[in-house]
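Participant:
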Amino acid sequence: MTFVIGRGTAAQADEDGPTGRLGTYRARDGSSGVPLHVDLDGPHATLIVGKRGYGKSYTLGVLAEALARADGVAPVVVDPMGVFPTLAEPAEGEPVPAEVVDDPQITATTLDPRSWCALLDLSPESGAGGLVWRAAQGQPTLSDMRDAVEATDAPGVDRRAARNHLDLADSWGVFDPEGMDARELGSGAVTVVDVSGLDSAPMNAVVRGIGEALYRARVDGAIARLPWFMVDEAHTVFGGVGEAALETILTRGRAPGVSLVLATQRPSAVSEVAVSQSDIVVSHRLTSEADLAALEAARPTYMSSSLTERLPTSPGDVVVVDDATETVHSATVRRRETPHGGDSPSASDVESDEDRTGSGVDD
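Each residue of the sequence shown is one higher than the one before, counting from 1 in UniProt numbering.
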């Protein structure tokens, strides 16, 4: 027997739908106990938190491996740090089906008029903002939006400003009429969307595009698999145009079967909705007062003690709050079966000039 986080009942790992192995229970003396799994059968909102260097992204990778091997789901990872392409490398044991998108593109229609104005930092009430708003309402591509702006009889200064802002968006290279759609993302393999080369605004546009596409596809019945949208460094999205898509999934994703996993080292920088709506919270070590306060604010009423007092001190150890069973678990996350790309380099690994000379390596 093993416990399945998010399911509500103790069950065998292979019964009652897919599960993924998260790790093992951690005893008071630090020893490992029985296996701990997480439910992959139904939709969930999951928050993974932890300070830098304690395993937050590693845990996200563990969950991504499990989802890639599960039936009936479509995992998508947004990767702001470029550490998840290693999911596509050879794995120990069972293969991990993975695809890496290192040049992500979305369609212009993914963003509504208000989001276009926010993306370009234009007030909808301004001359240029009004032109962008109307162009986004009626045109399917960025090129068509520019043409529509030029065709108006608006003052030249407004047309030039609107066109310059649309040219800026075009220069990001993330808008294309043939951009990613939900069918491509719903293949069943884990799709790693590498946005490490993008600035904040285009990255947010990509997050908004993917989130909206997955949500709409399930509402419309366009894809059969249940999407799991996973965002690392999620605090970089909140406050940008990508936030709206995340909050849509958080508040309305359960009915169409869309799951959201947010990983962040700064829970105080994500919205209150992201914390309060998460039915699974996985916490590594935190030390910032603001982050501890944000986590403590989400402490459920069925917890008799402070959540922050139960936080672990060692990398790889976690406390899991499971709202489905109204229980709290101390656990150790299992080893990744694909290489982890998030290790920090160290100066001691760099070969010295003396070492290079001694080994016959030329400068």
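A virtual CB, placed ideally from N, CA and C, is assigned to each residue, including glycine.
Give the range of the beta strand (DSSP E) segment to which residue 249 is assigned.
Facilitator: Per DSSP, residue 249 belongs to no beta strand (DSSP E); it is in the alpha helix (DSSP H), 243-252.
Participant: Buried or exposed: where does residue 204 fall if 16 or more other Cβ atoms within 10 Å of its Cβ makes it buried?
Facilitator: Residue 204 comes out buried.
Participant: By DSSP's criteria, residue 280 is part of a beta bridge. Which residues make up the other side?
Facilitator: Answer is 46, 322.
Participant: For the alpha helix (DSSP H) that residue 63 lies in, which residues bound it at each end?
Facilitator: Its alpha helix (DSSP H) spans residues 56-69.
Participant: Any idea what DSSP makes of residue 315, helix, strand or coil?
Facilitator: Residue state, collapsed to three classes: coil.
Participant: Assuming residue 135 and residue 118 are in contact, meaning their beta carbons sit under 8 Å apart, how far apart are those beta carbons, in whole angstroms?
Facilitator: Going by Cβ atoms, the distance from residue 135 to residue 118 rounds to 15 Å, so no, they are not a contact pair.
Participant: Quick check: the Cα distance between residue 361 and residue 99, rounded to an integer number of angstroms?
Facilitator: Any answer about residue 361 is weak, because its pLDDT of 42 lies below 50 and its placement is not dependable; what the coordinates show is given next. Their Cα atoms are separated by approximately 37 Å.
Participant: Straight-line CA distance for residue 37 to residue 320?
Facilitator: Whole-angstrom Cα-Cα distance: 11 Å.
Participant: Using the rule of at least 16 other Cβ atoms within 10 Å of the residue's Cβ for burial, across every protein chain shown, is residue 199 buried or exposed?
Facilitator: The residue is exposed, with fewer than 16 neighbouring Cβ atoms inside 10 Å.
Participant: Classify residue 16: buried if its beta carbon has 16 or more other beta carbons within 10 angstroms, exposed otherwise.
Facilitator: It is exposed - the Cβ of residue 16 has fewer than 16 other Cβ atoms within 10 Å.
Participant: So, with DSSP's three-state summary, where would you put residue 13?
Facilitator: Model confidence at residue 13 stands at a pLDDT of 39, short of 50, so the residue's coordinates are unreliable; what they give is reported in the following sentence. Note: residue 13 maps to coil in three-state DSSP.
Participant: Please report how far the alpha carbon of residue 206 lies from the alpha carbon of residue 107, in whole angstroms.
Facilitator: Their backbone Cα atoms lie some 9 Å apart in a straight line.
Participant: In the DSSP output, what is residue 25 paired with across the bridge?
Facilitator: DSSP, once it has assigned bridges, lists 331 as partnering residue 25.
Participant: Using the DSSP secondary-structure output, state which residues sit across from residue 39 in a beta bridge.
Facilitator: The partner list for residue 39 (beta bridge, DSSP) reads 19.
Participant: For residue 138 and residue 180, what's the separation of their Cα atoms in angstroms?
Facilitator: Each residue's Cα considered, the two are about 21 Å apart.
Participant: Out of 242, 290, 264, 217, state which residue places its alpha-carbon closest to the alpha-carbon of residue 255.
Facilitator: Selected option, being the one with the closest Cα: 217.
Participant: Which residues does DSSP list as the beta-bridge partners of residue 107?
Facilitator: DSSP lists no partner for residue 107.
Participant: If the criterion is Cβ atoms closer than 8 Å, does the pair residue 210 and residue 226 meet it?
Facilitator: Not closer than 8 Å, so no.
Participant: Should the stretch 42-54 be called in touch with the stretch 18-28, which here means at least 3 C-beta pairs below 8 Å?
Facilitator: Too few Cβ pairs lie closer than 8 Å, so no.
Participant: Excluding sequence positions up to five away, which residues of its chain have a Cβ less than 8 Å from the Cβ of residue 133?
Facilitator: Closer than 8 Å at the Cβ level, and outside the excluded window around residue 133, lie 113, 114, 116, 117, 124.
Participant: Can residue 232 and residue 268 be called in contact, C-beta distance under 8 Å?
Facilitator: Cβ distance not < 8 Å, so residue 232 and residue 268 don't count as in contact.
Participant: When you compare the CB positions of residue 293 and residue 262, do they come within less than 8 Å of one another, or not?
Facilitator: The answer is no: Cβ separation not under 8 Å.
Participant: Just to confirm before moving on: does the CB-CB distance between residue 77 and residue 195 stay below 8 Å?
Facilitator: It is not a contact, given that the beta carbons lie outside the stated cut-off.
Participant: For the beta strand (DSSP E) containing residue 171, list its first residue and its last residue.
Facilitator: From DSSP, residue 171 is part of no beta strand (DSSP E) but of the alpha helix (DSSP H) over 156-171.
Participant: Can you tell me the Cβ-Cβ gap for residue 104 and residue 192, rounded? I've got them flagged as a contact below 8 Å.
Facilitator: That pair is no contact at about 10 Å.
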